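Colleague:
Residue numbers (our numbering): 6 to 213.
Set out below in structure tokens:
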């Protein structure tokens with residue numbers, strides 16, 4: 006168990022600082038920039054360090070009802086950090102500054118035409134989560150030891166691609182890439198491993 010303490014924050018910040026991000030992929034200029042946030046909190050009853058995962062609202066035009074980290078498209082002139090913090094505020098009502106950012110993971114190119122930058126933040130400050138019902142159907146706090154289990158992830162093949170599809174098993178549900186890929190890379194970072202995930206495949210339903 007990782008308690009939600011300043012020691013845990015410093016340890017994860019050090020792991021993020023040691024993480025060497027890869028250079029942007031060749032197709033990056035043709036992709037729209039986006040950012041998601043791995044927001045670390047300790048609001049659960051056990052005060053374990055957890056991250057926030059959302060279920061997207063059913064009324065959204067794209068990727069409706071899918072599992073996602075808070076985030077979205079970068080506005081003109083925004084950095085991924087600025088976009089991630091803005092989206093976290095708009096979706097969950099959590100207002101953080103750049104001081105809360107612990108680091109960035111690798112950019113992940115999606116089949117739907119986005120290059121997503123994961124931003125790791127420490128969401129300390131006692132703010133209540135207030136989901137925007139137009140964008141978020143539900144919010145889930147997932148303890149870090151959940152993603153560190155040996156059986157938390159698996160890999161399968163599909164006839165439409167030569168790349169492996171990654172799946173995150175969460176309470177009997179399957180969560181796929183891009184979300185699963187970015188969570189997996191964060192899990193690997195917590196273990197001190199620099200594992201690349203850009204080649205992990207998404208299921209066909211997420212290609213649009």
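Built from N, CA and C at the ideal position, the CB exists for glycine as well.
On a predicted model such as this, the values are computed, not experimentally measured, just so you know.
Where does the unbroken beta strand (DSSP E) through residue 24 begin, and where does it stop?
Modeller: It is not in any beta strand (DSSP E) - residue 24 carries neither H nor E in the DSSP assignment.
Colleague: With a CB to CB cut of under 7 Å and the five nearest residues on each side skipped, what residues in its chain are close to residue 188?
Modeller: Within the same chain, residue 188 has close Cβ partners 152, 173.
Colleague: Just to confirm, are residue 55 and residue 147 a CB contact at a threshold of 8 Å?
Modeller: Going by C-beta atoms, residue 55 is nearer than 8 Å to residue 147.
Colleague: Ordered along the chain, which non-local residues of its own chain (more than five positions away) have a Cβ less than 6 Å from that of residue 105?
Modeller: These residues qualify, in order along the chain: 126, 127.
Colleague: For residue 112 versus residue 120, is the C-beta distance shorter than 8 Å?
Modeller: Cβ distance < 8 Å, so residue 112 and residue 120 count as in contact.
Colleague: Put residue 164 into one of helix, strand or coil per three-state DSSP.
Modeller: Of the three classes helix, strand and coil, the one that applies to residue 164 here is coil, per DSSP.
Colleague: Give a yes or no on whether the C-beta atoms belonging to residue 129 and residue 7 are separated by under 8 Å.
Modeller: The answer is no: Cβ separation not under 8 Å.
Colleague: Excluding five sequence neighbours on each side, which residues of the same chain lie with their C-beta closer than 6 Å to the C-beta of residue 115?
Modeller: Once the five neighbours on either side are set aside, the close Cβ partners of residue 115 are 183.
Colleague: Comparing C-alpha positions only, which one of 209, 176, 142, 117 sits nearest to residue 169?
Modeller: Of the listed residues, the one whose Cα sits closest to residue 169 is 209.
Colleague: Could you check where the alpha helix (DSSP H) with residue 78 kicks off and where it finishes?
Modeller: Taken as a continuous stretch (DSSP letters only), residue 78 belongs to no alpha helix (DSSP H), being part of the beta strand (DSSP E) at 76-78.
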